[in-house]
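Undergrad: All letters in the sequence shown, in the order written, are residues 2 to 220 by the working numbering. Here a beta-carbon is modelled for each residue, glycine too, at the ideal position from N, C-alpha and C. No experiment lies behind these values; they were computed from the predicted model shown. Next up is a structure, given as structure tokens.
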Amino acid sequence: MNKKLIAPSLLAADFANLQRDIEMVNNSEADWFHIDVMDGMFVPNISFGMPVIKAIAKHATKTLDTHLMIVDPDRYIEDFANLGVNYLTVHYETCNHLHRTIQAITAAGMKAGIALNPHTSVRVLEEVINDLDLVLIMSVNPGFGGQSFIENTYKKVEQLKEMILAHNANTLIEVDGGVNAENAKKLTDAGADVLVAGSFIFSSNNPNKTISEIKNKIA
Ligand code: DX5
Ligand code: ZN
Numbered sequence: 002m003n004k005k006l007i008a009p010s011l012l013a014a015d016f017a018n019l020q021r022d023i024e025m026v027n028n029s030e031a032d033w034f035h036i037d038v039m040d041g042m043f044v045p046n047i048s049f050g051m052p053v054i055k056a057i058a059k060h061a062t063k064t065l066d067t068h069l070m071i072v073d074p075d076r077y078i079e080d081f082a083n084l085g086v087n088y089l090t091v092h093y094e095t096c097n098h099l100h101r102t103i104q105a106i107t108a109a110g111m112k113a114g115i116a117l118n119p120h121t122s123v124r125v126l127e128e129v130i131n132d133l134d135l136v137l138i139m140s141v142n143p144g145f146g147g148q149s150f151i152e153n154t155y156k157k158v159e160q161l162k163e164m165i166l167a168h169n170a171n172t173l174i175e176v177d178g179g180v181n182a183e184n185a186k187k188l189t190d191a192g193a194d195v196l197v198a199g200s201f202i203f204s205s206n207n208p209n210k211t212i213s214e215i216k217n218k219i220a
């Protein structure tokens, strides 16, 4: 069985102590850094942009998993590659020419991911699944941390897993939003490979220990 990964979302970190929180993740059992970019257009919220990601990249020693919640993401693919991003994930709902966007991410030397809103069926990815390194299933509506998990997610993860196996694809399944120690195992059992967790980790008394706690549940 594949190793299951955990990706703490820096959206829930203390931005005034970002280096401290990055070091915490570096020294923890976490596998990736999850970086949420929001533009105030595709989602109501604005998070942070290139200068902050540059600062994160300077200190982070693990895979940079960047989740773009921005309109027309093609505009910035080269910029994210230059920042050292490893996985670049764009929303299905923001791309008119999804196939072209995926090719552009891959050509820029990054792993390509597509994120799906809670209302978007996994079936829309059938024709591109073999070109994808990752599919991110949103388990909350994108835009904010700290929301509650949408239960329909388990079904979507199972359907996507089936599609990946049927196409003999190597695509990872990532779940993002409302992930905690209670639902983590059920998600990996359904087929998820990477779990993003923001507030559950950073709002806890001991984030390093909370990461281990989730890791142990999905090991
Ligand atoms: C939401 C972001 C998530 C968010 C998750 O739009 O994509 O990555 O940080 O935060 P929690 O784990 O608090 O739901
Ligand atoms: Zn995210």
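Smallest Cα separation from threonine 67: which of Glu94, Ala116, Cys96?
TA: Ala116
Undergrad: Could you tell me whether the Cβ atoms of phenylalanine 203 and proline 9 are closer together than 9 Å?
TA: Result yes, Cβ atoms of phenylalanine 203 and proline 9 sit closer than 9 Å.
Undergrad: How many angstroms separate the CA atom of glutamate 30 from the CA atom of leucine 6?
TA: 9 Å
Undergrad: Specify, as a first and last residue, the run of the alpha helix (DSSP H) that tyrosine 155 falls within.
TA: From DSSP, the alpha helix (DSSP H) with tyrosine 155 extends over 154-167.
Undergrad: What is the rounded straight-line gap between the Cα of leucine 166 and the Cα of asparagine 18?
TA: 42 Å
Undergrad: The ligand ZN heavy atoms versus the CB of aspartate 15: any closer than 8 Å?
TA: no
Undergrad: Could you give the C-beta distance for isoleucine 78 and threonine 95, rounded to a whole number, given that I count them as a contact under 8 Å?
TA: The pair is not a contact, with the Cβ atoms about 13 Å apart (cut-off 8 Å).
Undergrad: Suppose contacts are defined by Cβ-Cβ distances below 9 Å. Is valine 136 in contact with isoleucine 174 by that definition?
TA: yes
Undergrad: Using a threshold of 8 Å, is the CB atom of serine 10 nearer than that to any non-hydrogen atom of the ligand ZN?
TA: yes
Undergrad: For leucine 69, which of Asp190, Ile130, Ile23, Asn46 has the nearest alpha-carbon?
TA: Asn46
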